[in-house]
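First comes the structure, then the notes that go with it.
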Amino acid sequence: MTATVGISAFGLRDVTSDADGHLRSDGSFSPAGVLLPEEILGEVLTGASAKLQRIHTGLSWPLEARVPEDAPLRRAPVSVLWRAMVESGERQAVWKTASSYDFSIGKLLAHYIRDLCRSAAALDDHSQASSSDADRQAVIAIPNTLDESGQDDLLRECLNLGMPEPLLIWRPVAAALAWLKDMEPYLLTRISAEQQSDHIHVLYFGADALEWTTLRLRRYSYKGKDYILPLRDRPTDIPALTGLDLAANLVNNFCSQDDRGAFWQVFTIFPEIWQALAASPLNSRELPRPWYKEGAWEFWQPDTADLLKKIFSAPAGSSRTLRSLVKNSCPLQAHREEGREKFCKRAEQEVGKLLREAPGGKLHGVIVCGPFVPGDSTRRSWVLPVLAPLQQAISRIADTPQPDSLWWSAGHEAMALGAAIYGERRSRDIPAYLDTMPQISLFTETAGRQQWHPLLNAQEVLGGEDFEDTISGKFVLPANQKELTILLCKGPVPGEDASNDWKQYKDLTPCRARVVRHWLRTRCDSYSTACKMVRFLPLWAQDYAVAHASRLFEDSTPARQVALEETPYRSNRVEFPSAPEEDVLLDVHVSMKPAAGLARVVFIPRDVDFEAGRRIRMNYATMQAAPAPELKHSWPALLEIAVHPDDPALCLAQGEKLIAQFENAKPVSASYIDILDTLCKKCLRAQNNYNLYTYSTAKFYLRSVSEKGTCCTARGNENLYRIQTKIENDFEQKNRLSEIGTFISRVTWMMASTPENVKDFLREKLRGHMLIGKDIENASKCFDSEEDIRLLFEAIVRMGRTKFTIQCVRSASRVLRYRAAAVNALDDKTACILAGYTIDLMKNEAKEYNFKQRFFQGALLLLYLLRYRKNSDVFYDKFIIDKYFTRCEKLIQESIQYFNGIGKSRDAEKREKALQTFHDFVEQRATGSYPGAVMDLAEDD
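This is how it looks when you write it as structure tokens:
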């Protein structure tokens, strides 16, 4: 078995480890650097070899020691290299030189990691290795936000240096694996397979980033054995705060911004600034140091207490001096902070934000790690005050992993150990962690049908395992054409899921963002209307409202030159060796594994006679930024229930009093149902006014429980859990309930969080022969899985054979509007039966000239049945369209004629708008994704 070495090497106090926890580190606080050669074939120096050279050290003599004004640097700090690679995103990160060639940053980091690995092997008493690393597999911790392009670059360069099949592991995941080494047996007794939101936080304090991460914990069965695995969600933003900026701003307290040489000496050679950041005592035997500053020699002798004071007063913004020094080598992005915000205060706010955005399950622990974390948690440092928001969640600090505690893990030890554990688990075929794949889709337009095809669709997969998928026959290489132009989208497919498009906006929370989306859907009918009305919203809502309105009403953006950072769209050309004589269908095959570089995308001709079916691989090097396609929608978007961000119905005194009263009520008591009914009306179904408008007293009502069965605040969810627990316990005694039908109709307003025993009862009712409309409607509120919704559709079809009631219409429509799994629960036969039943119901309503709510609830169901186009071509078929959807349009036209005939022109105009909306979706040319005109007439819920 190949020996593995875990490496956490970000340029300060770097560590290597084996899976048994044998750690190697020189413990140096002098920042590690890489020295570039003058010639492209020259030797890249790292470690002690680089430190011995005086090149670009900031001294005045010899000449090569001086820091150049307008030329690239040959000395590159390792932390700066990592930061530059992360910020480069999908572009290749390079370090420019004074010559005509540039060095890949992946190559420079590979040299540093290779040499660190060799040094560890030479010192390791437990290894027989020498300077050759042929028998040691490196497992390298990487930043949580490193793009696949950067991963690819690093892996390729490591292989070029002869390193045997290196592995990459996300930095927070590595720390979690080290934590789980001790905690997994305990957690196996605490976490069940049904618990999806239990989690830990990993807080990394390092030079390249202050990186806060939440990892969910999942129970995972593999080959008959259960494990607890961390699940990584893909981050949306690069952390703005860095230890590099904090250190650089500290250095500026001691020298002017114009004295580049003096700054560079303190920043890259002297350890004291970095020691102070780690609350490590300064070595008095090494002080004072000679320091060349402003053309003369001085003594460098900082004071520990003074440095700590300066840390707490350091600004949160980027260091201009640092960016000026590296701008000719590898420019770093700058971020600005409002006013005179302090770094430590801003970091504390970010910790608070991490807690607010955490999933609703139990927090099992916190890991605090990184080179700025002192060896002793009681030592006075800036790190502990930053963690103040955590005190409400976890108050105990331990120096080893403990249940419900904060693990104080100094330096890089946790990441290096976790990386080694990952390598060992991979070699023994033991699952280590779960990852969320990136979301990448390809766009096609065939016969007027526009469609995004997910290549990678944010699936949860085992870390280190290959994921493969194929899109069959959706692409065509036209006759007499050698090139195929394709369009990709990185991230959520436009018009589908917008629930995560808010994270880049300051002061927004998931619930606040949902409120803004609800306001746009219910108060605005166009992008221009939204832009006019947005001034009435609070400042925190305005930018997001405009951005989301462009997605909701006008998904396309004007064609223009756009930078890579501004758009998720990429265009590319796939070149074939020759042109076919006739159109050739192509299959697209994708394979990828987490933290292993770019996805491999190949195009395969279905006609084996064309180029012998040769596979053509997509070349990422030719990819360019592109504007969004001019989308036309073929089905309406999923909806969501907007919940009051403060949860007043559940958290204020009246709500808590009702909950306590319900908890004390006995199912056999005469007042039980009345108490439950009041609780349902005033807590679960309550409509609460939310003061959204800045300059208006207009009412804006929001619900208490979302379709997912959640509230917005921790207290609200705790109170909802109290209700859920009480309902679950009472229903175990259902034979003692006097009005079980009323009980079920009330408790299912908990939506998806309705207790499982109540759902089981409804499942049995839907499978039985004594179906009533209330059973179907209750199930539609709380069912959210594909299997349950399939059972619901089967029950609706069975009931519809005798009478297709309005409860059937509302129930089918509700799950199709709010549940992503609903379209997968349909098949062609069921979809057409539901469409036929709906047309019959609308005909019956039209005979009675009832063109109001019931009539348009039928139209709304037909509209949302179009979502089945995602899975099947049946609703693209002209015969089927004419049979159901064209017939529906004729019925709506009858309603327009009716209201015009009785002189109600305003009602007729509303129905004309609804007809136009319906027709645009059917004909695949709707410019917005929300069917507001039809929704308004259906007046559902």
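For my numbering, add 980 to where a residue sits in the sequence shown, where the first one is 1.
We put the CB at the ideal spot given by N, CA and C, even for glycine.
Only counting runs of 4 or more residues, tell me where the alpha helix (DSSP H) segments fall wholly within the segment 1335-1418, in order along the chain. 1363-1366 and 1393-1407
With a threshold of 8 Å, are at least 3 pairs of Cβ atoms found where one atom belongs to the segment 1328-1335 and the other to the segment 1352-1370? yes
How close, in whole Å, do the beta carbons of residue 1357 and residue 1377 come, if the pair is a contact with beta carbons under 8 Å? Here residue 1357 is taken as the residue at index 377 of the sequence shown, counted from 1. Here residue 1377 is taken as the residue at index 397 of the sequence shown, counted from 1. 5 Å between Cβ atoms; contact.
What does DSSP give as the partner residues of residue 1272 in its beta bridges? To locate residue 1272, count along the sequence shown from 1; it is residue 292. Answer is 1277.
Taking the beta carbon of residue 1748 as the centre, do at least 16 other beta carbons fall within 10 Å, making it buried, or is it exposed? For the purposes of this step, residue 1748 is identified with residue 768 of the sequence shown, where counting begins at 1. Residue 1748 is exposed by the Cβ-count criterion.
Could you check what DSSP says for residue 1933 in three-state terms: helix, strand or coil? Because the chain in this structure spans residues 981 to 1921, residue 1933 falls outside the shown range and cannot be described.
The beta strand (DSSP E) enclosing residue 1013, as first and last residue numbers: Locating residue 1013 in the sequence shown gives position 33, where the first residue counts as 1. Unbroken beta strand (DSSP E) run through residue 1013: 1013-1015.
Hey, is the segment 1191-1202 in contact with the segment 1258-1265, meaning 3+ C-beta pairs nearer than 8 Å? no
Out of 1359, 1533, 1599 and 1291, state which residue places its alpha-carbon closest to the alpha-carbon of residue 1905. Residue mapping note: residue 1905 aligns to position 925 of the sequence shown, counting from 1. Cα-wise, what sits closest to residue 1905 is 1533.
Where do the ends of the alpha helix (DSSP H) carrying residue 1769 lie? Position 789 of the sequence shown, counted from the start, is the residue given in the question as residue 1769. From DSSP, the alpha helix (DSSP H) with residue 1769 extends over 1766-1780.
Restricting to Cα atoms, I'd like to know which of 1525, 1148, 1567 and 1169 is closest to residue 1127. For this step, residue 1127 is matched to residue 147 along the sequence shown. Out of 1525, 1148, 1567 and 1169, 1148 has the C-alpha closest to the C-alpha of residue 1127.
What residue range does the alpha helix (DSSP H) around residue 1498 cover? On the sequence shown, position 518 is the one that residue 1498 refers to. Element bounds for residue 1498: 1490-1503.
With DSSP as the reference, label residue 1179 as helix, strand or coil. Against the sequence shown, residue 1179 aligns to sequence position 199. Residue 1179 falls in the strand class under three-state DSSP.
Which runs of the beta strand (DSSP E) fall wholly inside the segment 1062-1092 and span at least 3 residues, in chain order? 1074-1076 and 1082-1084
Are the Cβ atoms of residue 1241 and residue 1047 separated by less than 8 Å? Counted from its first residue, the sequence shown places residue 1241 at position 261. Counted from its first residue, the sequence shown places residue 1047 at position 67. Cβ distance < 8 Å, so residue 1241 and residue 1047 count as in contact.
Is DSSP giving residue 1805 helix, strand or coil here? Stepping through the sequence shown from its first residue, residue 1805 is reached at position 825. Helix, per DSSP.
Chain-order list of residues whose beta-carbon lies under 8 Å from that of residue 1834 (same chain, five-residue window excluded): Residue mapping note: residue 1834 aligns to position 854 of the sequence shown, counting from 1. Taken in chain order, the residues that qualify are 1786, 1789, 1821 and 1825.
If you draw a straight line from the C-alpha of residue 991 to the C-alpha of residue 1411, how long is it? Mapped onto the sequence shown, residue 991 falls at position 11. Mapped onto the sequence shown, residue 1411 falls at position 431. Using only the alpha carbons, I get a separation of about 30 Å.
Nearest-angstrom Cα distance between residue 1036 and residue 1063? Taking the sequence shown and counting its residues from 1, one reaches residue 1036 at position 56. Taking the sequence shown and counting its residues from 1, one reaches residue 1063 at position 83. Annotation: residue 1036 to residue 1063 spans about 20 Å, alpha carbon to alpha carbon.
With 16 as the cutoff for other CB atoms within 10 Å, does residue 1588 come out buried or exposed? Taking the sequence shown and counting its residues from 1, the one referred to as residue 1588 is at position 608. Residue 1588 should be labelled exposed.
Counting only the same chain and skipping the five closest in sequence on each side, list residues whose C-beta sits under 6 Å from that of residue 1106. Residue numbering aside, residue 1106 sits at position 126 when the sequence shown is read from its first letter. At residue 1106, the pLDDT of 47 sits below 50, so the modelled position is not reliable; the number obtained from the coordinates is stated separately. Only 1002 meet the Cβ criterion.
Short of 7 Å in beta carbon distance, which residues of its chain neighbour residue 1664, apart from the five on each side in sequence? Order them along the chain. Taking the sequence shown and counting its residues from 1, the one referred to as residue 1664 is at position 684. Here the set comprises 1684, 1685, 1729 and 1730.
From what residue to what residue does the beta strand (DSSP E) around residue 1452 run? Translated into the one-based positions of the sequence shown, residue 1452 becomes position 472. Its beta strand (DSSP E) spans residues 1447-1457.
Buried/exposed call for residue 1541, threshold 16 Cβ in 10 Å: Here residue 1541 corresponds to residue number 561 of the sequence shown, with the count starting at 1. Low confidence applies to residue 1541: its pLDDT is 41, below 50, so where it sits in the model is not reliable, and the reading given next is rough at best. So residue 1541 counts as exposed.
The segment 1843-1855 / the segment 1794-1809 touching (three or more Cβ pairs under 8 Å): yes
For residue 1650, count neighbouring Cβ atoms within 10 angstroms of its own Cβ and tell me buried if that reaches 16, exposed if not. For the purposes of this step, residue 1650 is identified with residue 670 of the sequence shown, where counting begins at 1. By the neighbour-count rule (16 or more Cβ atoms within 10 Å), residue 1650 is not buried but exposed.
Can you tell me whether residue 1053 is buried or exposed? The criterion is at least 16 other CB atoms within 10 Å of its CB, across all chains shown. For the purposes of this step, residue 1053 is taken as the residue at position 73 of the sequence shown. By the neighbour-count rule (16 or more Cβ atoms within 10 Å), residue 1053 is buried.
Contact between the segment 1086-1100 and the segment 1129-1143: three or more CB pairs below 8 Å? Contact between the segment 1086-1100 and the segment 1129-1143 is present, because at least three Cβ pairs lie under 8 Å.
Among 1829, 1805 and 1780, nearest to residue 1817 - alpha-carbon criterion: What you label residue 1817 is simply residue 837 of the sequence shown in a count that begins at 1. For residue 1817, the nearest C-alpha among the options comes from 1780.
Runs of alpha helix (DSSP H) wholly within the segment 1242-1312 (minimum 4 residues, chain order): 1252-1257, 1284-1293 and 1300-1306
I need the straight-line Cα distance from residue 995 to residue 1185, nearest angstrom please. Against the sequence shown, residue 995 aligns to sequence position 15. Against the sequence shown, residue 1185 aligns to sequence position 205. The straight-line gap from Cα to Cα measures roughly 15 Å.
Using DSSP bridges, identify the partner residues of residue 1567. As a first step, residue 1567 is located in the sequence shown; it is residue number 587 there, counting from the start. Paired residues: 1584.
For the beta strand (DSSP E) that contains residue 969, what are its first and last residues? The requested residue 969 is not part of the displayed model; the chain covers only 981 to 1921.
Sort out for me which residues DSSP pairs residue 1524 with in a bridge. In the sequence shown, residue 1524 corresponds to position 544, counting from 1. Bridge partners of residue 1524: none, in fact.
According to DSSP, is residue 997 part of a helix, a strand, or is it coil? The residue you call residue 997 lines up with position 17 of the sequence shown. Three-state DSSP puts residue 997 in a strand.
Assuming contact is defined by CB atoms lying nearer than 8 Å, are residue 1224 and residue 1187 in contact in what I supplied? Along the sequence shown, one-based indexing puts residue 1224 at 244. Along the sequence shown, one-based indexing puts residue 1187 at 207. Cβ distance < 8 Å, so residue 1224 and residue 1187 count as in contact.
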